[in-house]
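Report on the following structure.
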Amino acid sequence: MDSLRIGFGEDAHGLVTGRRLVLGGFEIPLSPRGAAAHSDGDALLHALSDAMLSCFGLGDIGQYFPPSNPNYAGLDSQVILQTVQSRIHDAIGETTVVNVAAVVTLDRPKLGPHRLAIQRTLGELLGIEPGRVGLGFKTSEGLAPRHVQARVTVLMRVEAF
Ligand code: C5P
Ligand code: MG
């Protein structure tokens, strides 16, 4: 098997008042709006999880966590990532994440002040240093003001199989 695999994932959620805004496992403090979702709506972790599955042709997170299943209401997206990590372990064996490159599109609030905190949180979840978590932020230029979207590429290495 090739030792390096690239993956890509995407996710989007609507934004509503009265919900937390969680990105990459990090809760954005004092956000006036958060993601409307069945789970905690962490679009960055959802896109990352899909990207990791795509490295190995293992489908997407909807297969493991159908939105129609009421048991998954309010689900912490870190559980989704952990499930993906163990699915990859079962199918492939030992793998490591080489680096992550992500873009989050969100008009407000500004995410720049939280870049390092998100890099650290995501790095800890993946077992890599923050410098391997590339994060770009973009506004939609007002075209999608009630919308948060994440796009993620990931490079993974198969260590043993
Ligand atoms: O999308 P745009 O090019 O207008 O973004 C300008 C800057 O604003 C970028 O440097 C980006 O990092 C930052 N930004 C941010 N938080 C957002 C959206 C953009 O810090 N929610
Ligand atoms: Mg999602």
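The sequence shown runs 47 to 207 under our numbering.
The beta carbon of each residue, even a glycine, is placed where N, CA and C say it ideally should be.
In this text, all values refer to a predicted model and were calculated from it rather than measured experimentally.
DSSP beta-bridge partners of residue i
i	result
residue 180	147
residue 170	In DSSP, residue 170 forms no bridge with anything.
residue 175	In the DSSP output, where bridge partners are listed per residue, residue 175 has none listed.
residue 73	68
Spatial distance of residue i from residue j (CA atoms)
i	j	result
residue 144	residue 202	5 Å
residue 142	residue 204	7 Å
residue 53	residue 130	13 Å
residue 105	residue 126	14 Å
residue 92	residue 171	13 Å
residue 108	residue 159	31 Å
residue 186	residue 148	16 Å
residue 62	residue 82	6 Å
residue 193	residue 132	30 Å
residue 182	residue 48	29 Å
Nonlocal neighbours in the same chain, by C-beta distance under 6 Å from residue i, ignoring five residues either side
i	result
residue 72	163, 164, 167
residue 50	203
residue 176	165, 166, 169
residue 113	84
residue 174	143
Opening and closing residue of the beta strand (DSSP E) in which residue i lies
i	result
residue 56	50-63
residue 205	193-206
residue 79	79-82
Other residues of its chain near residue i: CB distance less than 8 Å, five sequence neighbours each side excluded
i	result
residue 122	85, 86
residue 111	85, 118, 121, 126, 129
residue 99	53, 55, 105, 106, 107, 130, 133, 134
residue 89	57, 58, 59, 69, 81, 150, 194, 195, 196
Residues near residue i in its chain [Cβ-Cβ closer than 7 Å; skip 5 each side]
i	result
residue 102	51, 134, 137, 138
residue 179	146, 165, 168, 169
residue 97	53, 54, 55, 198, 199, 200
residue 77	67, 155
Check: residue i C-beta below 6 Å from any heavy atom of the ligand SAH
i	result
residue 185	Absence of the ligand SAH is noted for the structure shown, with the ligand C5P and the ligand MG being the only ligands found.
Threshold first: 4 residues or longer. Then list the alpha helix (DSSP H) segments lying entirely within the stretch 88-160, N to C.
Listed in chain order, they are 89-101, 123-138.
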